[in-house]
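The sequence shown begins at 43 in our numbering and counts up by one. Ideal placement from N, C-alpha and C gives every residue a C-beta, glycine not left out.
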Amino acid sequence: MILKIQQIFKRLLFILTISFFSISVYAQRNKLQPLFNGKDLVGWSKYIDKRGLNNDPKHVISVKDSLIHVTGEEFGYIATNKSYKNFRLLIEFKWGEQKFSPRENDRRDAGICFYVNEHDNRIWPKSAEFQIQEGDVGDLWLIDNVTGYVDGLQTQPKDYARITKKKDAERPKGEWNALELICMNGKVQFIVNGVVVNEGERLSVSDGRILLQSEGAELYYRNIKIEEFEL
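Right, here's the structure in full:
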């Protein structure tokens, strides 16, 4: 009973902290800065599995019609050259048509990894992930033994630990989805189309790059903006 009360108290404290932060964020929205200029991938580095850094002969990730186009043909990602700690990220995505081996028969999959070490380039680097997968947009993945607390309970270190979303807010294939990621002092909040779908805190990683995955499915990204906070 005492443990349950403690969990409820921690949950309420988390909500109050994030709510206060969200109010502050709302008042400072003019400080959002573009992470993608709509023309090229300046400010980003590219990594393709088995090819390495900035070696993408198949144009797996490119700019097309002012959008970031990910074919998904090979696993990889683009990552910000800059590291971030306390921030608010806005991004929109929608699915394309193509799917590739080894996931041609699976649901379309991608993701936003964050708090990635600047020297850790591999599939997939130690990080936390805002999952983008058909039916699972908003799941939280902790990669390579990253741990955190969810609903007052500590996660166990694993290669891949999944915390499922609390609500379903994603839109059907072909429509744009608006995602918002808030990271503040080890607390994270995932928002999908205006709905809070997941939260965590006390992550064992707290600073690093942001990366957008290519994971066997075609998709598009646009309107990528970020706001940093000094706390």
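- Closest option to Leu109, judged by alpha-carbon separation, among Asn96, Ala121, Glu134 and Asn97: Glu134.
- When secondary structure is reduced to three states using DSSP, Lys207 falls in the coil class, being assigned neither helix nor strand.
- For Pro167, the closest C-alpha among the options Gly216, Tyr263, Ala121 and Trp218 is that of Ala121.
- Residue environment analysis places Asn97 among the exposed positions, since fewer than 16 neighbouring C-beta atoms fall within 10 angstroms of its C-beta.
- Counting C-beta atoms within 10 angstroms of its own C-beta, Lys88 has 16 or more neighbours from the protein chains shown and is therefore classed as buried.
- By the Cβ rule, the stretch 171 to 179 does not count as touching the stretch 139 to 146, because fewer than three pairs are nearer than 8 Å.
- Inclusion of Glu171 and Gly153 in the CB contact set at 7 Å is warranted, their separation being smaller than that value.
- Secondary structure note for Thr122: its beta strand (DSSP E) is the uninterrupted segment Gly118 to Thr122.
- Taken in chain order, the complete beta strand (DSSP E) segments of 3 or more residues contained in the stretch 87 to 149 are 103 to 106, 109 to 112, 118 to 122 and 129 to 141.
- Glu257 is positioned such that its CB atom lies closer than 7 Å to that of Phe117.
- About 5 Å separates the beta carbon of Phe232 from that of Gly180, a gap short enough to meet the 8 Å contact definition.
- Non-local C-beta neighbours of Ala203 in its own chain, meaning closer than 6 Å and more than five positions away in sequence, comprise Leu184 and Thr197, ordered along the chain.
- In this structure, the CA atom of Met226 is about 34 Å from the CA atom of Arg93.
- Between Asn240 and Asn219, the beta carbon gap of about 14 Å keeps them out of contact (Cβ cut-off 8 Å).
- Here Gly228 has Glu243, Arg244, Leu245 and Ser248 as same chain residues with Cβ atoms under 7 Å from its own Cβ, once five neighbours each way along the sequence are excluded.
- Lys200 has its alpha-carbon roughly 6 Å from the corresponding atom of Asp186.
- Per DSSP, Ser246 has no beta bridge partner at all.
- As DSSP reads the structure, Pro76 sits in a beta bridge with Lys267.
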